[in-house]
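Chains as they are written, first to last, in my numbering: chain A, 3 to 372; chain B, 503 to 1106.
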């Protein structure tokens, strides 16, 4: 009796040790790592005789199975796209070399859904809260009339000086808001700054000349100059022809502006907007007539030309921040201060990350993979 | 008379309350001050004749010197034997001095240049008008009528520049039809120093309502200032119109051998002469009861030419304006210099009392310390105003290179560079008549915060005005008397610029003293040290720690010759930029007392 029992146990253990007979299996589950849903993971067991496996799917709306793809092996999980909130079934068919079906299996219906909370973006979420919080804090601070220190920018301080020079010399102020259309953020910034310059020319009773190369820019610039003269209480000094269109063509426009410079010899030239190859042509001509020139652009390739040929140059961010500086609007001032703090924090973070990675510690980088 | 032949000089300064006379005589090859005397000014009723006060002051000099200077009501001139003097000169600030209004096109350009011209000529600038000053035309007209200045300086537009703006200012003047402060039968003197192309239009507008003088443009191009002609014209008109209207001045003008100058203009003149002759940068301050004047000569960083500037802080003074000092400086800033605990109400009451009894002087040590704390703030605020006015020309073209990409300097930066300052001269009751010279030195150091190596001096009896007018006649005599008798050399301040942790080494100073002794010491941050040594050359080697500058650059040692004085050499290791006083009251009082003891401020 005891001997029989021992034999049975041995048989049982041997049975466990032997591989089970592997029939075709199919398991489909939603991809839990995908916060947006729309993905399923398909795992299946292979069979020896199979030459190929054809995969089909069918959702509740479909009448027939739709072929998805053919696979030669099923040893790795397959990730497939599906519609969210729609039950879908998968069918796998194993065929031999003669294209004869050996075996097939159908999965249970599976439904994918988007997650309420994307845990992969926690760092981005916290960063967003921090960034928004810092900016809002400084806007609030600026609105409460608390002084906000912004680094003095010589170019921006010189705006009033340039208009003053034109006034003393009895000459005009020439303002070029770039050569591109209003779809460029630099043009928009240039037109906003024009509003501030127009206020100064109205106050100083200096004449203003704004040649433009795009019809839409002309309309916008005219409107903003008109508004500036009105706000300074000098609508009598406004003349729509102050803002005038020449041509869309890049070099024809440059030639026209150079012509104005040489004929009228303005005492102050503002080049504020998007410029390309004509930047040096304009700046050199302005320099040759002895005008104070203040350039501003976000185009890195034009900055060296402006720096060497102009008296003052607003570089990139300075140019975009000019409106806040000149207008002293608390909302804009606070937002600039907040953005600067955030930029500083990002720079420090990158530096710390580089140091840790260089020393072989990857935990800091891993935090940002969360 | 040739300058070399001049044997004696009599100079007077007619102030609002006192007329001061000095007698300078040639002794061997040099000119020296020999006697001074003073008498009350007699420009007001009942005398209404300024010469009475002048003669009284001269009489005192005569008695003290034992020489005859007067014959009846006239000064004997030239000198005959032991009687009389070779020249007689005078300055005047009686009757409120010269009060001017200036106007220009742009406030920061031609109007600022006009203000500089007027202040440099010794005027008090009552208002600055400009096209962009934000006032409506009727407000400007009302202001001109209300002010009644002695003179108006109108400028604006470069030569060939704007005409319309200048003519507009002239039209406002015409509409206001201003009357002079003195002499109702006279027309107001107006000096036009603007765009030469607008001169004919200006004449059309102003010739029949004012006494118009046209001089060369004070800003012919924006890159250049030409203040000389306007300043000279101001002096001429001051004599012809303002002085001629004041009681007794016609007789006084007949007595003098050189034109009477406004007192502050004369002080500016001597400071310019000294700066030019010795090739040094100078700051002079005169703190009075109602106003504080600051004068400076610094080199323009672009042209390397010396530039003179003067400012008048009309509301900062030690008696009539003392409450304004409190209002502008704020109580906590005054309290930070008081070396003992004091109730705020008590301090306010003391300041108020000084204002309503302006002639009182401190009766106790405590009162003296409070007065000197207020003086520090008055001097500091005046100097802040001066720094913001003493600036380079604005609106000029800049030449750039690619290296300027991230560091674009702007125009209109202050010319006052404390590291370049060689001589700081203090004047006025609180500085000149402080019970101990150490107090004057400490007050000037605390208020002006000199950087690097700076010589300190005070004007003993405020004779700078007389020497200023003397410089226009006999420059050698003026500089000799200035250096030997006018200035009391207090010593030299060594103030390294920078900050380190409290108690850490800050600077090492090695001195070869005139008595043969050597002073070698490393001074810790936060300390003040006094090395008592007379006014004689001292070979000095000053070695600051890394990052700290004494004039040779950060961390660089400086070997130079410095001078001691009545106080000595003060090593101020309290740091600069920023200079920080402890916030905690107990700690602050302790520090102030320690510094005070270190420089023997109140020790007898």
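All C-beta atoms in this analysis are idealised placements derived from N, C-alpha and C, irrespective of residue type, glycine included.
For residue i, three-class secondary structure by DSSP
i	result
residue 826 (chain B)	helix
residue 92 (chain A)	strand
residue 22 (chain A)	Residue confidence is low: residue 22 (chain A) scores 45 on pLDDT, short of 50, so the model does not pin down where it sits. Its coordinate-derived value is still stated next. Correct three-state label for residue 22 (chain A): coil.
residue 110 (chain A)	coil
residue 243 (chain A)	helix
residue 515 (chain B)	strand
residue 117 (chain A)	coil
residue 835 (chain B)	helix
residue 1087 (chain B)	helix
residue 993 (chain B)	strand
residue 255 (chain A)	helix
residue 336 (chain A)	helix
residue 86 (chain A)	strand
residue 764 (chain B)	strand
residue 1042 (chain B)	strand
residue 570 (chain B)	coil
residue 1026 (chain B)	strand
residue 506 (chain B)	helix
residue 285 (chain A)	helix
Straight-line Cα distance separating residue j from residue i
i	j	result
residue 1044 (chain B)	residue 797 (chain B)	29 Å
residue 1086 (chain B)	residue 658 (chain B)	52 Å
residue 140 (chain A)	residue 738 (chain B)	57 Å
residue 709 (chain B)	residue 610 (chain B)	28 Å
residue 870 (chain B)	residue 954 (chain B)	29 Å
residue 1036 (chain B)	residue 718 (chain B)	49 Å
residue 733 (chain B)	residue 576 (chain B)	31 Å
residue 164 (chain A)	residue 910 (chain B)	15 Å
residue 102 (chain A)	residue 71 (chain A)	17 Å
residue 1134 (chain B)	residue 755 (chain B)	Any answer about residue 1134 (chain B) is impossible in this case: the structure gives chain B only from 503 up to 1106.
residue 1017 (chain B)	residue 919 (chain B)	34 Å
residue 156 (chain A)	residue 907 (chain B)	11 Å
residue 1064 (chain B)	residue 1039 (chain B)	6 Å
residue 1047 (chain B)	residue 194 (chain A)	50 Å
residue 253 (chain A)	residue 313 (chain A)	23 Å
residue 997 (chain B)	residue 1076 (chain B)	8 Å
residue 1104 (chain B)	residue 938 (chain B)	7 Å
residue 1014 (chain B)	residue 852 (chain B)	46 Å
Where residue i meets chain B, residues with beta-carbon distance less than 7 Å
i	result
residue 314 (chain A)	910
residue 39 (chain A)	Correct list: empty, because the minimum Cβ distance to chain B is about 49 Å.
Spatial neighbours of residue i in its chain, beta-carbon cut-off 8 Å, leaving aside the 5 residues before and after
i	result
residue 49 (chain A)	24, 25, 26, 96, 104 and 105
residue 20 (chain A)	With a pLDDT of 48 at residue 20 (chain A), under the threshold of 50, the predicted position of this residue should be treated as unreliable, though the coordinate-derived value follows. Contacts found: none.
Partners in chain B for residue i, counting only beta-carbon separations shorter than 9 Å
i	result
residue 144 (chain A)	Going along chain B, no residue has its Cβ under 9 Å from residue 144 (chain A), so there is no contact; the nearest lies around 24 Å.
Proximity test, residue i beta-carbon vs the ligand NAD heavy atom, cut-off 6 Å
i	result
residue 998 (chain B)	Only the bare structure without any ligand can be found here, which leaves the ligand NAD out of the picture.
Per-residue contacts from residue i into chain A (C-beta, under 8 Å)
i	result
residue 896 (chain B)	163 and 166
residue 612 (chain B)	170
residue 717 (chain B)	Result: empty, since nearest Cβ-Cβ is about 18 Å, beyond 8 Å.
For residue i, the nearest candidate out of the options (CA to CA)
i	options	result
residue 51 (chain A)	A:44, A:75 and A:319	A:75
residue 596 (chain B)	B:842, B:888, B:746 and B:505	B:746
residue 1099 (chain B)	B:941, B:977, B:1015 and B:968	B:941
residue 899 (chain B)	A:271, A:94 and A:176	A:271
residue 502 (chain B)	B:715, B:691 and B:711	Nothing can be reported for residue 502 (chain B): it is not among the residues displayed for chain B, which extend from 503 to 1106.
residue 2 (chain A)	A:300, A:113, A:93 and A:314	No information on residue 2 (chain A) is available, as it lies outside the stretch 3 to 372 that chain A covers here.
residue 1058 (chain B)	B:1005, B:999, B:753 and B:1097	B:999
residue 40 (chain A)	A:160, A:113, A:183 and A:167	A:113
residue 1062 (chain B)	B:945, B:1042 and B:664	B:1042
residue 162 (chain A)	A:296, A:359 and A:134	A:296
Interface partners of residue i on chain A, CB under 7 Å
i	result
residue 634 (chain B)	205 and 206
residue 607 (chain B)	169 and 170
residue 660 (chain B)	170 and 171
Residues near residue i by beta carbon distance below 6 Å, same chain, minus five either side
i	result
residue 823 (chain B)	792 and 817
residue 750 (chain B)	551, 552 and 553
Beta-carbon neighbours of residue i, restricted to chain A and to distances below 9 Å
i	result
residue 899 (chain B)	167, 289, 292, 293, 294, 295 and 313
Cβ neighbours of residue i in the same chain (closer than 7 Å, five flanking residues each side left out)
i	result
residue 727 (chain B)	615, 720, 721 and 895
Neighbour list for residue i in chain E, Cβ cutoff strictly below 8 Å
i	result
residue 904 (chain B)	The displayed structure is made up of protein chains A and B, and chain E is not among them.
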